[in-house]
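The structure appears below as structure tokens.
There are 2 protein chains.
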Amino acid sequence: MSTQPLLVDGDWRLPLQLLGAFRAENPMTGEPIGPAYPLCGTADVEAALSAAAAAAEALAATPPEHIAAFLEAYAAGIEADAEALVELAHAETALPKQPRLAAVELPRTTNQLRLAAKAVRSYAWTQPVIDTAAGLRAHRAPLSKPVLVFGPNNFPFAFNAIAGSDFASAIAARNPVIAKAHPSHPATSERLAQIAFAALKQTGLPPASVQLLYHFDYGVGARLAGDARLGAIGFTGSRAGGLALKAAADAAGIPAYVELSSVNPVFLLPGALAERGVALAQEFFASCTMGSGQFCTNPGVVIVPQGADGDAFVVAATAHFASAAPSVLFSRGVLEHLQKGVATLRDAGAAVLVGGSVGEPGFRYAPTLLSVDADTFLRAPQALQTEAFGPVSLLVRVRDVAQMAQVAQVFEGNLTGTLYSANDGSDDAAWPVVAHALRPRVGRLIGNRMPTGVAVSAAMNHGGPYPSTGHPGFTAVGMPAAITRFTALHCYDHVPEEQLPHELRDRNPDGIARLIDGVWRTDDLEPEAPR
Amino acid sequence: MSTQPLLVDGDWRLPLQLLGAFRAENPMTGEPIGPAYPLCGTADVEAALSAAAAAAEALAATPPEHIAAFLEAYAAGIEADAEALVELAHAETALPKQPRLAAVELPRTTNQLRLAAKAVRSYAWTQPVIDTAAGLRAHRAPLSKPVLVFGPNNFPFAFNAIAGSDFASAIAARNPVIAKAHPSHPATSERLAQIAFAALKQTGLPPASVQLLYHFDYGVGARLAGDARLGAIGFTGSRAGGLALKAAADAAGIPAYVELSSVNPVFLLPGALAERGVALAQEFFASCTMGSGQFCTNPGVVIVPQGADGDAFVVAATAHFASAAPSVLFSRGVLEHLQKGVATLRDAGAAVLVGGSVGEPGFRYAPTLLSVDADTFLRAPQALQTEAFGPVSLLVRVRDVAQMAQVAQVFEGNLTGTLYSANDGSDDAAWPVVAHALRPRVGRLIGNRMPTGVAVSAAMNHGGPYPSTGHPGFTAVGMPAAITRFTALHCYDHVPEEQLPHELRDRNPDGIARLIDGVWRTDDLEPEAPR
């Protein structure tokens, strides 16, 4: 069996232990494409982990300027190779080249790398705190251990294990990354890794700072996730896979930041529906079917009042869905999972309004709307919150605003929750009734726009209560907040000035923002009496 | 069986399910003291959890001013009752009334409650972030679920489940607390709960915001810790107990902040030893035996160079330990655990220099020094890092600074690590060699002072890498940082201004520090064009 090489310990090399091989498939046709990639075993995972662990202290001691230079060189390298990357990603995912891959996702990825570089240069992620009276100084520091990143199927660039937010965050905090690519886009991942490795050599980071594995089986993954030499895990993917890795990591005291699943409820308040229901139907349809609906923030449940305005929305939305050709999904696995999800919703009492069938060739599924009344939803909230990952949404018809709040109250933790309200203020009283119930159950509360589209911003929260993620306090997107996941809190207690890290010294030539005795300042600290 | 009542759902009431009773013991004599307290069962835990869960949304919606008023009324109530509290705590723990309980720990506890109130008033813990271009605003918010707090044996006030840092932090973030007292000081906990409850009634918080249970068995505790209605757990105590609770919580996606164990290595650099070795021996002895050595930050391992200066330190330290009477420990359980710890150290090759024996009456153990050479330590680092909770320390004799760094490198995660260096600069080259190895393995790096003594400061880290705690990114002490453990990250995406929480609105009449477009500011935000 001949396969593409792994990137391990500064070298592109064939697996030590080749347990199998796989090829990508063209989702449009279902045909295999590109070269064979290795399913590797324990020996390769061990080689990557040892190399990363050995590199961790050197990377932690690398000047921030070199880290930033790497992130920027990598961004530039991606841009220079954009055309080839977009071709590969399109072939492996069937996502449109324009605008999605070329104009949206690739620029988002390079922007993210550059924002990480900016956070490195500004030291913003280190959050320096100084208490002069107590002689204490604290900041966030590298874990000094490797971070294992699992990329999902749905963002070949922006969440790729070797290029996305988790990657940029872990590297910004000066931790080596072991990237586990998603097996549905291996060639895209390989090409990104080549660019990353070139940038790494150019900027002189330790060679094992960036490594790439393509695939390993569950047992190998769980063993790796529970290895005490790891510092943290970043995972985006399915709930079952993420929870298995989290369980292994938890048992070893390793923080696992897992982003799992979300149905992103959207509440259409009565005034909004009366005012612009037909326009909302179009907006909803576009969001639900964009990228074949394969977004963590896809609007999977829409809460629609009964009555004429609600009915008009449903009629308009149904027409949009009916007019659309089957959507191409990433893989046979996604298709099968989606079919199961729809079956679960139907079994729990939801009726298919439109769609509900597979298409051909390749992996296709018709954009699908289901509907259920709120009483049924409230009787089987668990089953009716099943994530149907794809161009599928469930409409929940409610009697009134009070029942909207009831429905809001039974949602599990979600990444987002959305309220649409009237421009004329007629929903101003309804808003807090629903928002009060929804707010603690979602990471991001959205007003009058669909949940798809996650801005890379310091004020973003792409996270949420369990089980949308494993911890309600962290975001996977947005610099510098996403970086803090991969840091340790370090305090210096009466440590001599000359032994302090740069950002905690008295002099502050870079104008780093520091919380000094309760006030954010960017100036020097007056030297104290000798400590 | 007649026992003291529980505080559940706004009422002092007898357990629904009384599975047993226990009394405190006077550690000086081993005799039972005070009334009987209940070991309760599932029905009581369920009652407390339901009540707390029902109160959580109301508490989350309580104006911060009321929360701060409660914390301050509670602090004032503790001060007004200080004499009685100190008597009770002394009787139950044998800790000295002066200075420890009356002059140090009680003021620290009230200070902590007031600092939490200050963080509530300043909104510092909410960390508001605004991105005007993206239309996004984020802050930290209540979990809107109860927090379960387990207090340890060793701080009857400052870490008490009903009064300590976890309690103050969880309440400051507007989450109800279910306090699980430590069974070695039930009367102190009961009296604190009475004061807390009076303050609660006075300031009008929901009655179930503060509840007290005294004791339950392992199965009941694990069931509670894994109940999805919980928002988080704060635990300080033994490694075995904390890991069992963490495992239950992890499986349910509940963040468990556990503070487990630490040996707090202290490195005496050669210059410091030459300069002031005999004074350091006195300083070390005082720190190791204060509070009978029952501190999470007790200096449990001291790394001492071989040679004349090191020998002189050992001789002086040994003399101090030999001159001291046996220390009174909290309980028979602590004594037995300590004996086991010392036996493990001996079995692994450590020799007892002084002490190593129990005393009478009650629960007493002689201040104890053990010693081992570094080669032996490096061969059995796991066993020789066994925490011996009490007035016990292990000296590790090293050949040179290089071997000091080797020893530093094999430590597990610890709360603290300390370096003593010469005032004349002769250790300036040795410092980074040892500090580089030690830094990633400890939460707080300390210069030239013993690790006991944890300042309540914004720049404190009372936390550290696993297994000293369950997560390297959080501190259990220090406001506002300790509060953030019990919060969720909430983002508002294009939410209408009038529906935003106070600290995220355009107008900022309270001068809250907010990170706006990358700059910390305390002024108003210019209203944008209508969103």
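First to last, the sequence lines map onto chains H and F. Just so we're aligned, residue 172 is where the first sequence starts under the working numbering, counting upward by one. Just so we're aligned, residue 172 is where the second sequence starts under the working numbering, counting upward by one. Every residue, glycine too, gets a C-beta built ideally from N, C-alpha and C. Here the structure is a predicted model, which means the values were calculated and not measured.
Check	Outcome
Partners in chain F for F645/H, counting only beta-carbon separations shorter than 7 Å	L660
8 Å CB neighbourhood of D688/F in its chain, flanking five on each side removed	I301, D302, T303, A304
CB-CB length for Y710/H against L439/H, believed under 8 Å	The requested residue 710/H does not occur in the structure, where chain H is confined to residues 172 to 702.
Assigned exposure category for T693/F - 16 Cβ within 10 Å defines buried	exposed
Per-residue DSSP class, three states only, for G618/F	strand
Inter-residue spacing [alpha-carbon to alpha-carbon] between A332/H and D388/F	44 Å
Start-to-end residues for the beta strand (DSSP E) that takes in H386/H	Element bounds for H386/H: n/a, residue is neither H nor E.
7 Å Cβ shell around P354/H - same chain, five flanking residues per side excluded	F193, Y385, H386
Cα-Cα separation, A222/H to N619/F	35 Å
Length of the line joining the Cα atoms of A521/F and D421/F	37 Å
Cutoff 7 Å: S336/H Cβ touching any chain F Cβ	no
Alpha carbon of V179/H to alpha carbon of A358/H, nearest angstrom	17 Å
Within 7 Å, strictly: CB atoms of A551/H and A576/H	no
Within 7 Å, strictly: CB atoms of T640/H and A344/H	no
Buried or exposed (CB count within 10 angstroms, at least 16 for buried), N594/F	exposed
Per-residue contacts from Y428/H into chain F (C-beta, under 7 Å)	The premise fails here: Y428/H is roughly 11 Å from chain F at the closest Cβ pair, so nothing lies under 7 Å.
Interface residues of the region 616–637 of chain H facing chain F [CB-CB below 7 Å]	L616, I617, G618, N619, R620, A626, S628, A629, A630, M631, N632, G634, P636, Y637
Among V475/F, A629/F, L671/F, S528/F, the one whose alpha carbon lies nearest that of A653/F	A629/F
Proximal residues of chain H, C-beta to C-beta of S315/F below 7 Å	P611
Cβ of A287/H within 7 Å of any chain C Cβ	Checking the listed chains, one finds no chain C in this structure; the protein chains it contains are H and F.
Pick from A427/F, D182/F, E196/F, Y294/F that is closest to R503/F, judged by C-alpha positions	E196/F
Buried or exposed by the 16-neighbour rule on C-beta atoms within 10 Å, applied to M461/F	buried
Test item: CB-CB of F492/H and G448/H under 7 Å	no
First and last residue of the uninterrupted beta strand (DSSP E) at P206/H	203–211
C459/F in three-state terms, based on DSSP	helix
7 Å Cβ shell around G408/H - same chain, five flanking residues per side excluded	F321, P323
CB contact flag (N513/H, A579/H, <7 Å)	Here residue 513/H turns out to be Val, not Asn, going by the sequence shown. No. Outside cutoff.
The region 609–624 of chain F contacting the region 396–411 of chain F, beta-carbon criterion three pairs below 8 Å	no
Identity of the residues DSSP links to D721/F by a beta bridge	What the structure shows of chain F is the stretch from 172 to 702, and residue 721/F is not part of that stretch, so it cannot be assessed.
Near-chain F residues of the region 295–309 of chain H - C-beta to any C-beta below 7 Å	V300, I301, D302, A305, L307, R308, A309
Limits of the alpha helix (DSSP H) - the one that Y663/F falls within	Counting along the chain, Y663/F falls outside any alpha helix (DSSP H), though it belongs to the beta strand (DSSP E) covering 658–664.
From P667/F, E697/F, V666/F, Q670/F, residue whose alpha carbon lies closest to that of N679/F	E697/F
Residue of A364/F, Y294/F, L401/F minimising C-alpha distance to E217/F	L401/F
Cβ of V291/F within 7 Å of any chain H Cβ	no
Chain-order list of residues whose beta-carbon lies under 6 Å from that of R410/F (same chain, five-residue window excluded)	L431, S432
Those residues which DSSP pairs with A192/F across a bridge	P209/F
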